[in-house]
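Peer 1: Have a look at this one before I ask anything.
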């Protein structure tokens, strides 16, 4: 019953009109000849079809029947293997991969749209290509030429998939204390032993081989995060001729029974002296991981956006169809016994909230992607450095804010359905269960907030923030004569000033109390997010305002107004809450928390 | 693994010290001799044991195995039948029932605590006694003496259970358009025919008979809500001697597969000329329903509180046990490789948020219960009227605000667990799925907000609000010389002034645009809720401040400070959002909502 339609019109708007992607792409040396808008649109169209016709229809099956485990082997949820075949045959798997090894070398600004569609249609499925892409990024950045040649082509093609093996039962956020060991062999390989948990698609039957990137410690490694190395451990040993050899002793001990994304397998992986190869330098494993983190984290934010868009579409369809009570201003559908519920202000409030977060999020993730593209493909070092600063600053916001508001949106999308939203067959409750993990994995949102507030804001004494502030101020200055846009520019200015003040307030407070960083972090990130989305909405409104004779642009301006007037003011209360400070968090003794 | 402990110490604090329940009870003529604090505490202790030792241990079984349907009969989830027996044999089922028919006649101030424990330990189970109590209330208030004598004693004892049959596939919020028919028979009974959905515990094997209270229309009934009558339809016809006779054709067609509360059966009930008896007057069925609604709605708010308390307890236990990374101010558990995560500011923020909402909610639901008790048991008409006003005003706030913040709390309680929070065995994700329904059923929170804003606030031109305002102002005046309490009184004053302004702003705006009511409603309700909780926290702080040499009271004051400084300021942003008005909700044409 639930359906998903790829939001291609809005993606074209964001790419072409808001960020002028064609111009961006042709300005970046590393992208020369790789892509133009015509190619991009063909890819988006093709992906949109696969998302709505292949991936979305099996989303509920995945939830109902799950991936299953038997005797150490995982069978992907019903329909997933065929869908995977369709997906990789369409060439979507290696879209962002390096062309030297068979990847298509596409920019993130384009790939982000593809990700939104895939994740929005079926997140449990989408995790498989997402993890493969992440593994490929690390391998491409840090692996030896030999490793890259041996593994990347089959991973880009989708013949093999990738998995990231980081977490252990006692070590999640705190990877410095992992216990998995890697003992060097004479032939240059290592024997890897230990247990990893929460390994997404750590085993399955969709691909012929699974390439694990595993964090482990060498026998003589220093304690803590500086003693971690990264290893490539394949499920099947790859022979020199490229054929698959013996089974490596890396096995799936069990899979988790989870709240959501049930179609995906979340594996306990046991390494019993499994043969692995070092990726990058010894004891530099965490750094190798960080290479891909900005991509992965943006991807998780995009998952939140995708699911929320799916929830929105179905909520709108229901709100137009379901009749119940009369509009406050008098009957609308007089021929019926009640009006469609979209006439009710509170239903509209929920739908507009979702809409404004989704379209704002699409612009914001694309905005972050423009910086990723500049940092990766520019031949100008200054531009690259500048872009890297923006990526470092904005990535935790994209991951945490988009997943947090994504949850709010799916809750709203479920609420529109009333009691039917609680019943599985309508599909809305699955979105709530699926999206919930995006706030948790790839670094919990609390960790993202700490990364933003501690490392990126306080750690640079506000320098990174001022780069972002300058970008907004440049935009504001460019609209000085645009009177029509003032209704969006003025509130943006006020929000930015507030964020600037708050940034300084936290930096100052942290001088005397290090706890102020963590105490402020989550709400600070939200204040940042609301402000960043206000920037996106102002940018979009500026494009749309002259074209409101067309429905699409009229809707854009209306949604911008809703965001500005009804959502943006939330930052005021959050700012006041941050300024409540750290003391109220630490007055209660640790041993008085338990219920008396 | 998850455990639940009844928060008896805090309940005693709220009853004895904050609301002086003993004094209240002895002042109410209708409660004469019914209860004193000693009896009350014995009941709370006994219920606490059953909640933690009988109901909590089967909560996850209920979720994993669900109630099941086969050939028209429902079998309750594993362990539920035995637990029900224990529960009713302990005399807890008829606690609030009328003494003339075997009830214990206990005040709501006490029953509210019992409800919190039962619902907090196992909400799927708790729905059975909750629905029975609701049906008994309607029957006791509106049924004939004959009906009451025939049904109430066995319902209070728990031998029979009750169900409320309101919703139909096309009629949820809008009960005026129901289609179920009741045709009078010559013997004074009626033949009831139609289909009802979402009937909680509409069938099961825990009780010998199930007494349905069914909304239906007489053949000549006027259209709309004024043409609805209420009927009692038993699963088994009760013979004149009280024994069970023939099976009435009211059958369970299927049960829903739901997001949560899976231990409970949510039934499609088919009435095929089932024999029923009129309760109350013809065409006055909705009014009969409203009698119980204030009790039921408060009960749903209490469900939110109970589940949130359960989630909090397990989150605290995990945060004290789980070690990960070091405290920002330096290692605390130096003998371990990492510190317990409760040292981290953001973990504390989550726990303190839950704690402040739970203890605030416990005080607030008890506060509302004091008005329910006065409205029911006082012999002074003026006092009853005054209390009825407070009940009418505060009930939608209790239902919606406590369930909304309850969801926030269970999300936080899950987040504390990181990845483990997403895994079923840890129990935290079930709380999120269970509590979600409290925002939906018994009138969605959007409907509660509309009831508050439309009927209770605008509908009385602010008169009901001024009664509540006076109550707070009396309290504030009583603390004029209490300098120590100023840190709580001053923010309360500011919040109340803001709420007063906002109330008038909405009433004024609605003069020119009826949509302003619904456009403001949800956020207005939240502003109201934050302010009401600030009142509760100020009341509690006033009691606790002189006693902070004792841990319990020190913790109370610390939690009051957290609420005041870190949570209360949220109202500022919400107020600004409300003042964004209705226009931004209606600028987008209905046919432009679909994704382009």
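Protein chains in written order, with our numbering: chain H, 42 to 637; chain U, 42 to 637. Just so you know, even glycine gets a beta-carbon here, dropped at the ideal spot from N, CA and C. Keep in mind the model is a prediction, meaning the values are calculated, not measured.
Are residue 273/U and residue 259/U touching if we call contact CB-CB under 8 angstroms?
Peer 2: Locating residue 273/U in the second chain gives position 232, where the first residue counts as 1. Locating residue 259/U in the second chain gives position 218, where the first residue counts as 1. No, the pair does not count as a contact, with Cβ atoms beyond the cut-off.
Peer 1: Between the C-alpha atoms of residue 75/H and residue 147/H, what's the straight-line distance to the nearest angstrom?
Peer 2: If you number the first chain from 1, residue 75/H lands on position 34. If you number the first chain from 1, residue 147/H lands on position 106. When rounded, the distance between both Cα atoms is 7 angstroms.
Peer 1: Compare the C-beta of residue 631/U with all C-beta atoms of chain H and state if any pair is closer than 8 angstroms.
Peer 2: What you label residue 631/U is simply residue 590 of the second chain in a count that begins at 1. Chain H contact via Cβ: present.
Peer 1: Inspect the beta-carbon positions of residue 304/H and residue 369/U and report whether they are closer than 8 angstroms.
Peer 2: By 1-based counting over the first chain, the position of residue 304/H is 263. By 1-based counting over the second chain, the position of residue 369/U is 328. No. Outside cutoff.
Peer 1: The beta strand (DSSP E) spanning residue 604/U covers which residue range?
Peer 2: Counted from its first residue, the second chain places residue 604/U at position 563. Note, residue 604/U: premise wrong, no beta strand (DSSP E); not H, not E.
Peer 1: Are there 16 or more other CB atoms within 10 angstroms of the CB of residue 592/H, so buried, or fewer, so exposed?
Peer 2: Residue 592/H sits at position 551 when you count from the first residue of the first chain. Exposed: under 16 other Cβ atoms inside 10 Å.
Peer 1: For residue 487/U, count the other beta carbons within 10 Å of its own beta carbon; 16 or more makes it buried, fewer makes it exposed. Which is it?
Peer 2: Locating residue 487/U in the second chain gives position 446, where the first residue counts as 1. Counting Cβ neighbours within 10 Å, residue 487/U comes out buried, since at least 16 surround it.
Peer 1: Does any CB atom of chain U fall closer than 8 angstroms to the CB of residue 150/H?
Peer 2: Working through the first chain from its first residue, we reach residue 150/H at position 109. It does not: the Cβ of residue 150/H has no partner Cβ on chain U nearer than 8 angstroms.
Peer 1: For residue 311/H, which residues from the same chain have a beta carbon less than 6 angstroms from its beta carbon, with the 5 sequence-adjacent residues on both sides left out?
Peer 2: Residue mapping note: residue 311/H aligns to position 270 of the first chain, counting from 1. Counting only Cβ-Cβ distances below 6 angstroms, and skipping sequence neighbours, we find 236, 292 and 294.
Peer 1: Which of the three DSSP states is assigned to residue 595/H in this structure?
Peer 2: Position 554 of the first chain, counting from 1, holds the residue named residue 595/H. Helix, per DSSP.
Peer 1: Report yes or no: do the stretch 322 to 330 of chain H and the stretch 430 to 449 of chain H share at least 3 C-beta pairs separated by less than 8 angstroms?
Peer 2: In short, these stretches do not touch, since the Cβ pair count stays below three.
Peer 1: Touching or not, the stretch 109 to 117 of chain U and the stretch 132 to 150 of chain U, by the rule of three or more beta carbon pairs under 8 angstroms?
Peer 2: Segments in contact, no.
Peer 1: How many Å lie between residue 190/H and residue 170/H at the Cα?
Peer 2: Here the question's residue 190/H lines up with position 149 in the first chain. Here the question's residue 170/H lines up with position 129 in the first chain. Looking at the two C-alpha atoms, the distance is approximately 19 angstroms.
Peer 1: Of the residues that make up the stretch 363 to 379 of chain U, which ones have a beta carbon closer than 7 angstroms to any beta carbon in chain H?
Peer 2: Of all residues in the stretch 363 to 379 of chain U, 365, 366, 369, 370, 378 and 379 have a Cβ within less than 7 angstroms of some Cβ in chain H.
Peer 1: Considering only the alpha carbon of each residue, which of 501/H, 364/H, 179/H and 284/H lies closest to residue 271/H?
Peer 2: In the first chain, counting from the first residue as 1, residue 271/H sits at position 230. Closest option to residue 271/H, Cα to Cα, is 179/H.
Peer 1: How would you list, in chain order, the residues of chain U whose beta-carbon sits under 7 angstroms from the beta-carbon of residue 470/H?
Peer 2: Taking the first chain and counting its residues from 1, one reaches residue 470/H at position 429. Under the 7 angstroms cutoff, chain U gives 300.
Peer 1: Hey, is residue 556/U's beta-carbon within less than 8 angstroms of any beta-carbon in chain H?
Peer 2: Within the second chain, residue 556/U is the residue found at index 515, counting from 1. Cβ-Cβ to chain H under 8 angstroms: yes for residue 556/U.
Peer 1: Comparing C-alpha positions only, which one of 605/H, 565/H and 89/H sits nearest to residue 618/H?
Peer 2: Position 577 of the first chain, counted from the first residue, corresponds to residue 618/H. Answer by Cα proximity: 565/H.
Peer 1: Name, in chain order, the residues that DSSP records as bridge partners for residue 624/U.
Peer 2: Residue mapping note: residue 624/U aligns to position 583 of the second chain, counting from 1. DSSP output for residue 624/U lists no bridge partner at all.
Peer 1: Rounded to whole angstroms, what's the CA-CA distance from residue 96/U to residue 476/U? Just pull it up for me.
Peer 2: If you number the second chain from 1, residue 96/U lands on position 55. If you number the second chain from 1, residue 476/U lands on position 435. Roughly 17 angstroms separates the two Cα atoms.
Peer 1: I think residue 60/H touches residue 407/H, with their Cβ atoms under 8 angstroms apart; what is that distance to the nearest whole Å?
Peer 2: Along the first chain, read from residue 1 onward, the residue named residue 60/H stands at position 19. Along the first chain, read from residue 1 onward, the residue named residue 407/H stands at position 366. Their Cβ separation, rounded to whole angstroms, is 6 angstroms, which keeps residue 60/H and residue 407/H in contact under 8 angstroms.
Peer 1: With respect to the alpha helix (DSSP H) encompassing residue 183/H, which residues constitute its N-terminal and C-terminal limits?
Peer 2: Position 142 of the first chain, counted from the first residue, corresponds to residue 183/H. Start and end: 164 to 183.
Peer 1: What are the boundary residues of the alpha helix (DSSP H) that includes residue 640/U?
Peer 2: Past the boundaries of the shown model lies residue 640/U; chain U is included only from 42 to 637, so the question cannot be answered.
Peer 1: Find the nearest neighbour of residue 585/U within the set 598/U, 575/U, 577/U and 573/U, judged by alpha-carbon distance.
Peer 2: Position 544 of the second chain, counted from the start, is the residue given in the question as residue 585/U. When each option's Cα is compared against that of residue 585/U, the closest is 598/U.
Peer 1: Put residue 288/H into one of helix, strand or coil per three-state DSSP.
Peer 2: The count along the first chain starts at 1 and reaches residue 288/H at position 247. If DSSP states are grouped into helix, strand and coil, residue 288/H belongs with the strands.
Peer 1: Relative to the C-alpha of residue 442/H, which candidate in 172/H, 573/H and 121/H has its C-alpha closest?
Peer 2: Indexing the first chain from 1 puts residue 442/H at position 401. Cα-wise, what sits closest to residue 442/H is 573/H.
Peer 1: Per DSSP, what kind of secondary structure is residue 578/H in: helix, strand or coil?
Peer 2: Here residue 578/H is taken as the residue at index 537 of the first chain, counted from 1. Residue state, collapsed to three classes: helix.
Peer 1: Comparing alpha-carbon positions, which option in 544/U, 545/U and 520/U lies nearest residue 533/U?
Peer 2: Here residue 533/U is taken as the residue at index 492 of the second chain, counted from 1. When each option's Cα is compared against that of residue 533/U, the closest is 520/U.
Peer 1: Using beta-carbon positions only, say whether residue 91/U and residue 150/U come within less than 8 angstroms of one another.
Peer 2: Here residue 91/U is taken as the residue at index 50 of the second chain, counted from 1. Here residue 150/U is taken as the residue at index 109 of the second chain, counted from 1. No, they are not a contact pair.
Peer 1: Would you kindly work out how many angstroms separate the C-alpha atoms of residue 63/H and residue 77/H, rounded to a whole number?
Peer 2: By one-based count along the first chain, residue 63/H stands at place 22. By one-based count along the first chain, residue 77/H stands at place 36. Whole-angstrom Cα-Cα distance: 6 angstroms.
Peer 1: Are there 16 or more other CB atoms within 10 angstroms of the CB of residue 511/U, so buried, or fewer, so exposed?
Peer 2: On the second chain, residue 511/U is found 470 positions in, with the first residue counted as 1. Exposed is the call here.
Peer 1: Would you report the Cα separation of residue 342/H and residue 527/U, rounded to the nearest angstrom?
Peer 2: In the first chain, residue 342/H corresponds to position 301, counting from 1. In the second chain, residue 527/U corresponds to position 486, counting from 1. The straight-line gap from Cα to Cα measures roughly 43 angstroms.
Peer 1: For residue 601/H, which of 627/U, 602/U, 576/U and 601/U has the nearest alpha-carbon?
Peer 2: Locating residue 601/H in the first chain gives position 560, counting from the first residue. It is 627/U.
Peer 1: Along the stretch 197 to 222 of chain U, what residues have a CB closer than 9 angstroms to any CB found in chain H?
Peer 2: Here the close residues are 208, 211, 212, 213, 214, 215, 217 and 218.
Peer 1: Check each residue of the stretch 43 to 70 of chain U: if its Cβ is closer than 8 angstroms to any Cβ of chain H, include it; give the result in chain order.
Peer 2: Taking 8 angstroms as the Cβ-Cβ cut-off against chain H, the residues of the stretch 43 to 70 of chain U that qualify are 46, 48, 50 and 51.
Peer 1: Could you check the C-alpha separation between residue 405/H and residue 578/H for me, to the nearest Å?
Peer 2: To locate residue 405/H, count along the first chain from 1; it is residue 364. To locate residue 578/H, count along the first chain from 1; it is residue 537. The straight-line gap from Cα to Cα measures roughly 9 angstroms.
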